[in-house]
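Chains as they are written, first to last, in numbering that gives the first Met the number 0: chain D, 0 to 327; chain X, 0 to 110; chain P, 0 to 647; chain R, 0 to 148; chain Z, 0 to 443.
In what follows, a structure is listed as structure tokens, so that the remarks can point back to it.
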Amino acid sequence: MSPKVRVALYWLASCGGCEESQVDAISDKIDIISNLEIVFWPVAMDFKKEDVEKLPDESIDVAVINGGVRLKEHVEMVKLLRRKSKIVIAYGSCASWGGIPGLANLYDINEVLSRVYSEVPTLQEKGVMPRPKSVTNEGMEIELTEVLPMLLPLDAVIDVDYYIPGCPPTPETFLKALETLLSGNLPPRKSVIGASTRALCEECPLNKTKPDKVLIKEIRRIYNTKIDPSKCLLVQGIPCLGPVTRGGCNAKCPRVGSPCIGCYGPLDKHIDYGAKAISFIASILDLNDENEIKKALDNGIPDPAGLVHKFTLPASRLKVNLKRGEHK
Amino acid sequence: MSKHIEVRPEIYTKIRDFMKKLGADDFIKCFNCGTCTVACPIAEVLGIVPFSRKIIRYIMLGLEEDLVNSKEILLCLHCGECSEYCPKGANPAETMHALKTYIIQNYLLKR
Amino acid sequence: MRDKDVRIGVYICHCGTNIAGIVDVEEVARYASSIPGVVVARHYTFMCSETGQNMIKDDIKNLKLNGVVVAACSPALHEVTFKNAVKEAGLNPYLFEMVNIREHCSWTHTDRRLATEKAKDLVRMAIAKVKELEPLEEVKAEVVNSVLVVGSGVAGLSAALTLARAGLTVYIIDKRPVLGGFVTRLVNIAPIGIRGREFVKPMIDELVEMPNVKVLTNAEVISVEGGVGNFKVRIRQRPTYISDLCTLCGYCEKACPIEVPNEYEGKLTMRKAIYLPFKEAYPPKYVIDENACTKCGKCIDACPVKAIDLSVKERYIDLNVGAIIIAVGHEPYEPDKGEFGYGLTRRVITSLQLERLLDEEGPTGGRFIIDGKVPKTIVFISCVGSLIGNKTTNACSRRCCSTITYDTLKILSKNPDSHIYILYRDIRTYGFEEELYWKALENGVVFVKFEEPPKVEVMGDKIMVYVREATINKNIVIPADLVVLFVGMTPSNAGEIVRIFKLSRTADGFIREAHLKLRPAETPTEGIFLAGAAAGPKGVMESVIHGAAAASKALALLLNKKYILREPLVAKVDEELCSGCLICVGMCPFNAISVKYVGERRVATVNPLLCMGCGTCAAACPSGAMEHNGFKDKQILAQVRAFAGVVV
Amino acid sequence: MSSEYEPKVLMFTCNWCSYAAADLAGTSRMKTPHNIRIVRVMCSGRVDPQFIMEAFAQGADGVIVSGCHPGDCHYMEGNYKALRRMLLLRKLLEQLGIEPERLRLEWISASEARKFVEITTDTVEKLRKLGPLKPRLDYVRKIMEEVVK
Amino acid sequence: MEGAKLGEVAVVGGGIAGIQAALDLADTEFKVYLIERSPSIGGRMAQLDKTFPTLDCASCILTPKMAEVLRKDNIELLTLAEVVDVIKNGNKFKLTIKQRPRYVDTNKCTGCGTCVEKCTARGKLGAPDEFNEGLSTRTAVYIPFPQAVPKKAVIDPNICLRLRYKRGCGICEKVCPANAINFNDTERILNLTVDAVIVATGYKFIDPRLPELSIYGYGKYPEVYTNIEFERILDARGPTGGALIKKDGSHPERIVFIQCVGSRHYKINPYCSAYCCMASIKQAILAKEHEPKVDVTILYMDIRAYGKGFQDFYNRAENEYGIRFIKGRTAGITEDPSKKKLIVKYEDVMRGTIETMETDMVVLALGIVPNIPSFLNRLGVVRNGRVITRPGDPISTYVDGIFVIGATLNPTDIPDAVLQGSAAAARVTEHVLRRKTPFEVMRS
């Protein structure tokens with residue numbers, strides 16, 4: 000066998016789901032495990048930053064980073080890993096486009112912090128803000144990294160070689176991606192690996208139940224709608240993002256009657272995933288009177304950004320709510 | 000509709016028949032273009048404007064007392080300039096001349 | 000973007016001083032030459048002239064251009080001209096973009112610097128788009144050598160006759176029960192002086208005998224699909240209860256209990272629910288007025304040849320034609336009740352009713368009488384419905400002045416000692432028709448010009464017409480026995496026609512031509528032509544000519560042609576990207592998108608012959624697989640980025 | 000906002016109605032503001048919300064989408080689809096800090112040159128009061144540049 | 000019958016009507032001979048700057064149609080050619096055509112204009128430029144106008160020194176890069192046999208120097224122009240480069256248009272010339288656009304704004320451009336030598352007052368009469384100066400196969416002329432395909 004592949008794994012503004020999927024994927028793949036040499040994996044073992052700094056540049060074969068860039072410390076770590084690794088992979092929706100934490104970009108960072116540290120009802124001491132430097136009771140000086148004014152996807156900070164989509168990417172996606180990487184002929188840089196090049200509908204078992212004209216009279220909410228799980232959700236008025244989202248998860252959600260929420264992200268031709276989703280959902284709303292349309296949209300989609308930019312806001316064309324920040 | 004003067008078509012026919020006998024009924028061709036007024040040497044001087052065109056309108060609309068009281072008919076020198084310039088060949092000069100005889104015969108002598 | 004091998008030619012037109020007067024054309028040309036990919040940028044006084052076009056052709060050949068931008072007038076005028084020039088030089092005509100720096104720039108701005116700045120932006124945007132354009136081949140479409148003529152007035156008949164004589168199959172339809180249109184109600188067609196129906200009769204007789212002509216009365220188009228060379232038209236024919244067995248004996252009419260005003264006679268007389276519109280009408284049979292008929296069935300029993308069947312239902316006919324000629328004519332303006340006294344007395348009539356009174360076959364047998372008496376003093380008021388009145392098209396109806404003078408002569412021939420006054424805004428007897436005006440004068444008709452519309456007051460059997468005779472500074476009143484309102488021409492339900500045939504209208508409400516002077520007999524939609532008063536007020540003879548002109552365009556399109564070339568600016572599916580989500584299928588009103596299988600993958604596919612090229616499906620396609628040739632995402636985005644100043 | 004700020008307005012017009020209205024405004028020599036740049040599409044139904052997002056991201060201060068009056072569309076229903084998309088897009092844009100007045104959807108028929116002039120002039124007036132979009136975009140770009148340094 | 004020519008047609012007259020007829024015929028697979036008397040097609044419309052009511056520039060409408068005439072390979076263009084005789088035999092027509100010498104080989108000449116620059120017969124030795132209605136002069140060898148089709152040079156034998164004296168000069172021959180000059184070109188007689196003839200020879204202006212029109216002082220006062228001359232002044236390609244200036248170069252403060260000059264007059268021409276009301280309104284608007292401060296008045300008897308969009312154009316002229324419309328007629332124009340102004344005395348009929356207006360320029364809306372070629376007289380279709388056509392079909396004469404369109408028939412404007420052009424093409428198609436006379440109506 001060729002020498003072991005030296006792998007570094009790291010996580011930023013993450014929920015740990017990506018790690019779960021990585022473990023699920025390779026825990027029974029002895030041939031793969033035996034081939035890997037993990038040089039840095041702080042979430043699992045006690046690796047320190049110095050361990051990476053000691054390594055010669057580009058000595059790590061693959062760095063798999065998940066989670067969005069939220070803190071100043073994240074920026075330093077990913078720059079370090081970039082320097083030390085030949086290939087950097089953005090693993091999962093957060094690393095690729097900012098993910099759900101990216102929705103914080105809709106608000107000014109001070110609003111976010113005050114919400115977290117003073118308005119949340121379960122707080123005992125309200126208003127205690129994180130301070131960059133402080134002294135513990137034992138008199139030890141400790142530092143806290145600063146929160147960035149906006150959350151960024153990985154490729155906004157460092158040069159990313161490949162993306163593996165999903166929240167989290169399914170084990171199959173991760174294995175397919177690994178297979179592609181280890182297959183010797185690497186796809187062009189910056190391409191999405193492990194997933195399909197076409198939209199989810201193609202894999203979805205419910206797609207064939209569509210009538211020949213997909214037109215809906217109203218947009219319904221999943222939580223208060225009794226749906227027929229054997230039929231395409233979109234046709235029943237549920238805003239399923241399957242048609243505009245990349246396939247590769249084998250339609251995990253629609254298969255169990257839950258609409259696709261777009262975690263596998265945009266397709267290659269999209270320039271703004273959210274705008275494209277807006278376009279197709281509005282187009283099939285078969286109403287012609289302006290007030291009727293407004294009523295249907297207000298009832299069906301009270302929070303458009305939440306629906307169409309759940310995973311992609313920081314990578315969208317506008318990236319943030321332009322009305323927040325000092326520049327009101 | 001206070002001071003609306005009633006149009007009397009029979010007057011127009013009466014005058015037209017009279018003028019026809021005198022061979023001066025070309026005036027019916029007039030389409031009110033106003034060249035005769037400008038061509039007339041004395042109209043502007045005497046300040047009685049518009050000149051022959053106004054008379055022809057009176058005839059066409061049958062405004063009898065306007066015709067009788069109009070001094071233009073008597074002042075007209077019959078120089079013929081207006082007929083010279085008239086684009087319609089409506090011969091206003093002849094009309095004024097014939098009209099003078101008509102007014103004299105029917106109104107002045109009777110008074 | 001094929002930046003390395005991009006070789007673009009940019010041409011700025013002065014259009015005399017129309018553009019160069021405001022826009023600094025040298026500066027725009029200089030700026031264009033500074034943009035990467037542009038190998039030549041010229042400016043010339045008239046790019047659309049032969050010299051201008053040769054300039055483009057020579058550059059394409061000598062400099063091996065693979066993209067052309069022309070900044071000049073609106074593409075509506077000369078996009079075709081320049082495309083042909085590019086094509087003749089051997090370059091694919093779809094690697095060309097036109098920039099409107101005249102109507103959208105020099106003609107609408109005054110500040111030279113800002114207008115030049117805008118022209119430069121528009122040129123930059125066009126260059127960015129041309130870099131993304133791809134060569135396209137025109138779509139070869141089968142052509143059907145038949146024409147549908149909508150409307151059987153003079154214009155429709157003239158067009159149908161010319162096309163039928165040239166050998167094309169012609170379908171001519173009319174919403175009314177008989178052919179002939181508005182002109183059949185006129186008593187004298189200038190300059191011949193014969194009745195309207197006598198004028199159209201020989202045309203109809205020749206048409207109906209031709210094997211390649213089909214006539215449908217009581218018929219209206221309800222939907223049109225497809226495009227030039229291959230229209231699918233659905234026609235609804237309201238029930239014609241009476242069959243061809245009818246021998247015009249008239250027993251049914253006697254038996255019919257229902258009486259309604261006869262609109263053919265200008266509502267001056269009554270007619271039965273079952274009636275013959277006018278003498279020698281075609282089709283030669285009686286007609287049942289659906290709104291009036293109570294289906295009592297008395298006529299069925301009275302009919303000796305059992306020609307009447309009241310249970311006939313309306314039927315739908317589908318036609319497949321290569322071209323359509325819209326000749327739906329006009330509707331005479333119907334004054335409101337009380338407008339200039341109309342409807343308050345029988346002594347105020349419209350010019351339509353006058354025509355019937357002058358017709359020997361009319362309600363008064365040609366004797367010009369009202370309520371039995373010969374009207375001594377008659378006052379005509381012109382421009383009602385055109386320039387004056389409650390609802391006006393604010394446009395001259397062109398024919399009223401000539402018709403007024405012509406009718407006065409006819410009245411005077413019947414009642415020589417009537418006194419006729421014509422109250423007018425302008426007497427517009429244009430061209431040789433001036434002699435009608437002179438003849439009317441010589442017959443003692445008095446013309447009074449008004450600036451304020453005259454007022455009409457009904458006083459017993461006298462109608463007092465008050466008007467200001469400004470030329471002698473007097474307010475006069477004419478005690479009239481009869482007032483005739485000369486009603487103008489208004490568009491005949493143009494709203495409906497425009498909706499079905501997807502056309503548009505000009506400010507006066509009539510149907511809009513492609514271009515008043517360049518293409519007066521065509522509409523902007525390829526394959527749909529326009530003739531007669533539908534396009535705007537017109538005389539009978541002018542309608543004959545307009546009908547022939549429309550026919551000439553249809554002949555040029557269809558005569559001896561097996562196929563035509565259609566614009567390839569249609570939608571196309573990238574089957575590698577299509578996920579089969581079928582969102583696009585629901586978007587297409589023309590059913591041009593259907594489903595097909597690549598292996599076992601279901602994908603969408605577009606039929607280029609049915610696709611009209613609107614691009615709605617491309618905007619809706621969630622994965623970007625559906626593309627709109629000539630307006631692809633990358634092409635429009637290039638323009639958007641160039642708009643923001645991005646020089647790429 | 001400062002008076003010398005000249006808003007940049009991108010206008011998508013449909014080929015059959017609004018483009019012809021713009022032409023008619025030109026032939027009638029009606030004066031329109033200099034800030035409008037027109038992109039011609041065959042139907043307002045072709046305007047993809049992505050184009051509008053790109054326009055704002057590139058610094059357009061306002062975007063007008065104009066088509067034929069409902070019922071008059073040369074392609075039957077293209078304008079209805081534009082209406083639906085713009086209504087939903089405007090809700091999203093509001094959440095992303097773009098004032099709704101910056102995106103207008105108007106019906107302009109081929110003979111309504113005066114309406115074309117009124118709408119373009121009114122839009123530029125409103126955008127002058129709203130102020131430029133560029134400073135906010137520059138602020139975001141500045142943050143991202145600092146992070147990458 | 001795909002592509003096979005349906006027949007051969009002669010179109011006499013290369014104005015807008017003739018060009019449209021030729022184009023439509025070519026589209027319907029006819030072989031067309033377009034016969035034009037002057038060196039280039041385009042007719043009167045080529046001299047126009049703008050056209051009513053849309054204010055499109057005339058060349059934007061005309062030049063592409065002229066360019067298309069060249070592009071159509073089944074249209075053969077015969078310029079400097081006049082139809083001398085037309086004889087009908089069977090259902091064909093034999094045409095005798097006299098083609099004047101161009102003295103330039105059209106295959107070689109590229110229209111570069113070098114000869115024109117070098118020609119010695121210019122200025123006083125030159126000739127009045129027909130394109131600018133004689134307001135400027137042109138050289139002996141010249142190109143009629145920038146967008147001429149064919150854009151080739153032509154030599155005027157009356158003023159060319161070489162052609163008049165058989166030797167000397169010949170500079171154009173020396174400088175011509177394509178040596179296209181050919182001094183011994185001769186007149187040619189051509190014979191054509193065609194299936195149908197469309198006559199579109201346009202109109203003639205009433206001579207403004209007629210004694211009855213002397214009251215207007217045309218020719219006597221320099222600042223009295225006919226409307227076609229005024230159009231040339233407004234045109235950027237015209238003598239003043241589009242600047243609205245008087246002959247002495249100064250800007251006019253006031254312009255007066257006088258309608259119906261040589262029209263609606265019982266002695267000169269009883270008919271209305273149809274185009275001139277709208278032409279004057281258009282020129283008034285253009286004058287206002289060139290010089291917004293100029294004061295413009297139109298003296299009219301009736302404004303004949305009868306066509307589509309005309310009334311709207313008239314309203315806009317009055318309300319938006321502030322052009323004064325006065326119903327009235329002048330009895331003559333005199334000059335105030337001291338102030339070098341022209342005096343127009345007229346009656347404002349609607350106010351019944353005599354007005355005397357000082358003006359800088361006067362534009363006469365000159366009447367027109369059909370320009371009927373002599374061969375039509377011999378075919379017996381002309382009676383007292385008017386072409387007689389079938390009552391049911393105004394463009395078909397009683398001689399089957401002879402059609403007459405445009406101003407040759409009656410005074411028409413451009414949209415109607417274009418329509419008549421297409422209609423004539425349809426009539427020819429009918430005539431050839433069915434050999435049946437159109438509209439057997441009232442053969443009285």
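Backbone N, C-alpha and C fix where the C-beta goes; we use that ideal spot for every residue, glycine too.
Predicted model only: the values in this text are computed from it and were never measured.
- Task: Can you say whether valine 153 of chain P is buried or exposed, counting buried as having 16 or more other CB atoms within 10 angstroms of its CB?
- Result: buried
- Message: Report the CB separation of phenylalanine 29 of chain Z from leucine 5 of chain Z in whole angstroms; it is logged as a contact under 8 Å.
- Response: 5 Å
- Query: Within 7 Å (strictly less), CB to CB, does asparagine 287 of chain D reach chain R?
  - Reply: yes
- Rounded C-alpha distance that separates isoleucine 142 of chain R from threonine 179 of chain D: 36 Å
- Item | Buried versus exposed, by CB contacts within 10 Å (16 or more), glutamate 357 of chain Z | exposed
- Query: Taking just the CA atoms, how far does aspartate 480 of chain P sit from proline 374 of chain P?
  - Reply: 5 Å
- Item | For tyrosine 101 of chain X and isoleucine 14 of chain X, believed in contact at Cβ under 8 Å, the rounded distance | For isoleucine 14 of chain X against tyrosine 101 of chain X, the beta-carbon gap comes to about 6 Å, under 8 Å, which counts as contact.
- Item | serine 282 of chain D at chain P interface by Cβ criterion, 7 Å | yes
- Residue nearest to methionine 46 of chain P in terms of C-alpha spacing, selected from Z:Ile367, Z:Leu61 and Z:Leu24: From the listed residues Z:Ile367, Z:Leu61 and Z:Leu24, the smallest Cα separation to methionine 46 of chain P is found for Z:Leu61.
- First and last residue of the alpha helix (DSSP H) that includes lysine 454 of chain P? Per DSSP, lysine 454 of chain P belongs to no alpha helix (DSSP H); it is in the beta strand (DSSP E), 454 to 458.
- Task: Under 8 Å by Cβ, that's how I've got isoleucine 141 of chain D and tyrosine 161 of chain D pegged, so tell me the actual separation to the nearest angstrom.
- Result: The Cβ separation is near 37 Å, so there is no contact.
- Out of curiosity, what's the CA-to-CA distance linking valine 67 of chain P and serine 33 of chain P? 15 Å
- So is serine 190 of chain D buried or exposed if we call it buried at 16+ other beta carbons inside 10 Å? exposed
- Task: Report buried or exposed for lysine 327 of chain D, applying the criterion of at least 16 other Cβ atoms within 10 angstroms of its Cβ.
- Result: With a pLDDT of 43 at lysine 327 of chain D, under the threshold of 50, the modelled position of that residue is not reliable, and the figure given next carries that caveat. Exposed, since its Cβ has fewer than 16 Cβ neighbours within 10 Å.
- Cα-Cα separation, isoleucine 241 of chain P to valine 286 of chain P: Within the model, the alpha-carbon separation for isoleucine 241 of chain P versus valine 286 of chain P is close to 7 Å.
- Task: Would you tell me roughly how many angstroms separate the C-alpha atoms of glycine 89 of chain Z and isoleucine 96 of chain Z, rounded to the nearest one?
- Result: 20 Å
- Helix, strand or coil for lysine 327 of chain D, going by three-state DSSP, please let me know. Because lysine 327 of chain D carries a pLDDT of 43, less than 50, the predicted location of this residue cannot be relied on, and the following value inherits that uncertainty. Of the three classes helix, strand and coil, the one that applies to lysine 327 of chain D here is coil, per DSSP.
- is_contact[alanine 56 of chain R, chain D] using C-beta, thresh 7 Å: yes
- Helix, strand or coil: how does DSSP classify leucine 126 of chain R here? helix
- Query: Quick one: is the Cβ of phenylalanine 642 of chain P within less than 6 Å of any heavy atom of the ligand SAM?
  - Reply: Although the ligand SAM was asked about, the structure shown includes no ligands whatsoever.
- Message: Considering only their Cβ atoms, is the gap separating threonine 169 of chain D from lysine 71 of chain D smaller than 7 Å?
- Response: No, the Cβ-Cβ distance between lysine 71 of chain D and threonine 169 of chain D is not below 7 Å.
- Task: Kindly indicate which three-state DSSP category phenylalanine 81 of chain P falls into: helix, strand or coil?
- Result: Of the three classes helix, strand and coil, the one that applies to phenylalanine 81 of chain P here is helix, per DSSP.
- Residues of the segment 24 to 35 of chain R with a CB closer than 7 Å to any CB of chain Z: list them in chain order, please. Thr26
- Extent of the continuous beta strand (DSSP E) run through leucine 422 of chain P: 418 to 423
- Message: At the level of alpha carbons, what is the spacing between cysteine 12 of chain P and isoleucine 18 of chain P?
- Response: Rounded to whole angstroms, cysteine 12 of chain P and isoleucine 18 of chain P show a C-alpha spacing of 7 Å.
- contact_flag[the segment 158 to 169 of chain Z, the segment 188 to 207 of chain Z] where n(CB pairs < 8 Å) is 3 or more: no
- Task: Please state whether DSSP places glycine 44 of chain R in a helix, a strand or coil.
- Result: helix
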